[in-house]
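Below is one structure, written out as structure tokens; the observations come after it.
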Amino acid sequence: MAKGMRVKLNYDVSRDPDTGVEITRLTPPEVTCHRNYFYQKCFFNDGSHLLFAGEFDGNWNYYLLDLKKAEAVQLTEGAGDNTFGGFLSPDDKSLYYVKNDRTLLEVNLETLVEREVYRVSDEWVGYGTWVANSDCTKLVGIEIAKSDWTPLNDWKIFHDFFHKGPHCRLLRVDLKTGASATIHEEKNWLGHPIYRPFDDNTVAFCHEGPHDLVDARMWMVNEDGSHVRKVKEHAEGESCTHEFWVPNGSALVYVSYLKGQQGRTIYSFNPDTGINEAVMQMPACSHLMSNFDGTLFVGDGSGTPVDVKDTSGYTIDNDPYLYAFDVAKKAHFRIARHDTSWATVANSRQVTHPHPSFTPDDKAVLFSSDKDGKPALYIAKLPEQPVMLQA
């Protein structure tokens with residue numbers, strides 16, 4: 001298959017056995033498909049189209065699904081797509097993604113013509129998820145020195161890579177001209193660069209690695225490279241993970257969990273005051289994302305984290321549910337079972353992760369799961385009369 005080819009999908013609609021909500025499997029269970037990273041834009045603004053990754057021709061490429069027609073058009077071709085980091089532009093006219101850890105490309109969604117925006121120099125490797133500012137005029141990304149680079153295909157390599165102390169740099173790229181500048185660099189594994197929405201001066205990033213070994217997970221820096229600061233000093237036995245900006249830019253939200261405890265805590269950091277606030281308790285979810293104004297969160301129940309060194313100290317029961325969290329009520333409810341395996345598949349540590357997020361109308365949740373075979377995409381409607389729970 002090649003760019004422009006169309007794939008007709010046959011949706012499978014069912015009811016969740018525990019909550020009764022309607023769940024639609026969008027992609028076939030015999031073809032590996034997954035969504036992009038949970039804070040990257042994947043829906044058109046009106047909810048009519050969905051960006052996803054599929055292996056319909058032997059490569060993981062990007063597709064754009066017309067949800068009403070159940071028809072997807074292939075946007076990219078060949079090997080090497082970073083199918084987790086790509087995102088749609090705010091005007092729904094372009095896809096941005098990185099190919100072969102080297103080239104940042106823009107795809108015109110009407111013509112499918114690709115434009116090279118930026119090329120990583122030979123001494124470096126483009127790593128992880130690159131994230132645009134609110135106007136989509138520039139983005140921030142991480143590059144790792146090629147001499148230090150190892151493909152992070154499994155969790156053992158993930159752990160080993162942390163101890164290497166790879167040379168990393170956080171950079172910004174102008175999406176029109178391709179001009180780039182280094183914001184921050186150090187001999188430390190850096191990841192998850194994210195512009196604060198509607199505030200280009202503030203960039204969040206993380207010190208990556210096993211959560212119980214990093215000095216402090218979350219950091220911020222001004223876009224000009226000044227004022228590098230910690231978001232939070234970790235308490236004894238505390239790990240923090242999966243930070244994201246509330247889409248309106250009001251706060252950086254993250255998950256905190258303590259050694260020997262089953263539950264977790266949702267925290268919110270106000271970058272204007274520097275105050276961390278515990279929002280509410282929650283079950284043992286891995287990823288967390290909010291709606292636009294941060295009044296609702298969605299999380300994916302998980303098991304013992306694999307991204308810590310001391311797995312025995314952080315052992316928890318597996319939780320197969322997707323949860324929604326009502327911030328005003330300080331309560332949560334089950335949406336549906338995701339029942340994913342969390343397994344590493346086809347040299348990917350991420351492809352079976354649910355990575356849930358809300359649809360644009362806040363009435364349903366998109367997620368990935370391999371519960372029916374190979375990883376696939378699902379949309380679960382929120383229950384009309386949810387049963388509220390306290391953590």
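Read in order, the letters of the sequence shown are residues 1 to 391 in UniProt numbering.
Even for Gly, the Cβ is constructed at its ideal location relative to N, Cα and C.
Discussion item. In this structure, how does DSSP classify LYS164 when only helix, strand and coil are distinguished?
Written reply: helix
Worksheet item: Tell me the DSSP bridge mates of LYS138?
Response: ASP174
Discussion item. If you reduce the DSSP assignment to three classes, tell me which class HIS159 lands in.
Written reply: helix
Discussion item. Cutting at 7 Å between CB atoms, please list the residues of its own chain near GLY80, excluding the five before and the five after it.
Written reply: LYS99, ASN100
Fill in: Distance between ILE144 and TRP124 (C-alpha atoms, nearest Å)
6 Å
Discussion item. What does the Cβ neighbour count give for ILE275, buried or exposed, with the cut at 16 atoms within 10 Å?
Written reply: exposed
Item to complete: For LEU104, name the three-state secondary structure that DSSP assigns.
Response: strand
Item to complete: Would you check if the stretch 343-358 and the stretch 1-9 touch, i.e. whether three or more CB-CB distances between them fall below 8 Å?
Response: no
Fill in: Beta-ladder partner(s) of LYS187, from DSSP
HIS167
Worksheet entry | Residue nearest to ASN10 in terms of C-alpha spacing, selected from ASN36, ALA70, GLN40, LEU51 | ALA70
Discussion item. Suppose contacts are defined by Cβ-Cβ distances below 9 Å. Is THR359 in contact with PHE43 by that definition?
Written reply: Contact: yes.
Worksheet item: In terms of alpha-carbon separation, which member of TYR62, ASP12, ASP46 lies closest to HIS34?
Response: TYR62
Worksheet item: Would DSSP call PHE297 helix, strand or coil?
Response: Strand at PHE297.
Practice prompt. Could you say if the stretch 10-24 and the stretch 47-56 meet the contact criterion of at least three C-beta pairs nearer than 8 Å?
Written response: no
Practice prompt. Please state whether DSSP places GLY126 in a helix, a strand or coil.
Written response: strand
Worksheet item: Alpha carbon to alpha carbon, how far is LEU322 from HIS332?
Response: 10 Å
Discussion item. In the DSSP output, what is LYS329 paired with across the bridge?
Written reply: Paired residue(s): none; LYS329 is not in a bridge.
Worksheet item: How many angstroms separate the CA atom of GLN390 from the CA atom of ILE379?
Response: It is roughly 25 Å from the alpha-carbon of GLN390 to the alpha-carbon of ILE379.
Practice prompt. Over the uninterrupted beta strand (DSSP E) stretch that includes LYS8, give me the two end residues.
Written response: 6-8
Item to complete: Give the range of the beta strand (DSSP E) segment to which THR241 is assigned.
Response: 238-245
Worksheet item: To which residues does DSSP link THR265 through a beta bridge?
Response: Under DSSP, THR265 forms a beta bridge with SER256, GLN281.
Discussion item. Going by C-alpha to C-alpha distance, which of THR32, SER256, VAL131 sits closest to ASN59?
Written reply: THR32
Worksheet entry | Pick from LYS138, VAL228, TYR254 that is closest to SER268, judged by C-alpha positions | TYR254
Worksheet entry | Sequence-distant residues of its chain with Cβ nearer than 7 Å to ASN188 (five each side left out) | Within the same chain, ASN188 has close Cβ partners GLY165, CYS168, HIS207.
Worksheet item: Applying the criterion that 16 or more other CB atoms from any shown protein chain within 10 Å of the CB defines a buried residue, is ARG334 buried or exposed?
Response: By the neighbour-count rule (16 or more Cβ atoms within 10 Å), ARG334 is buried.
Worksheet item: Leaving out the 5 sequence neighbours to the left and right, which residues in its chain are closer than 6 Å to ASP12 when beta-carbon positions are compared?
Response: ARG25
Practice prompt. Let me know the secondary structure DSSP gives GLY54 once reduced to three states.
Written response: strand
Worksheet item: If you compare alpha carbons, which of PRO354, GLU238, ALA336 is closest to ALA343?
Response: PRO354
Worksheet item: Whole-angstrom Cβ separation of LEU109 and GLU116, contact assumed at under 8 Å?
Response: Not quite, the Cβ-Cβ distance comes to about 17 Å (not below 8 Å), so this is no contact.
Worksheet item: Secondary structure at GLN74, three-state DSSP: helix, strand or coil?
Response: strand
Discussion item. Using DSSP's beta-bridge definition, name the partner residues of CYS206.
Written reply: GLY191, MET218
Worksheet item: Using DSSP with H/G/I as helix, E/B as strand and the rest coil, what is LEU109?
Response: coil
Worksheet item: Starting from LYS381 and walking both ways along the beta strand (DSSP E), at which residues does that stretch end?
Response: Annotation for LYS381: the continuous beta strand (DSSP E) segment containing it runs 376-381.
Practice prompt. Tell whether a beta-carbon distance below 9 Å holds between PRO386 and GLY299.
Written response: no
Worksheet entry | Bridge partner(s) assigned by DSSP for ASP66 | HIS49, GLU71
Item to complete: Measure the Cβ-Cβ separation of LEU51 and LEU112 and say whether it is below 9 Å.
Response: no
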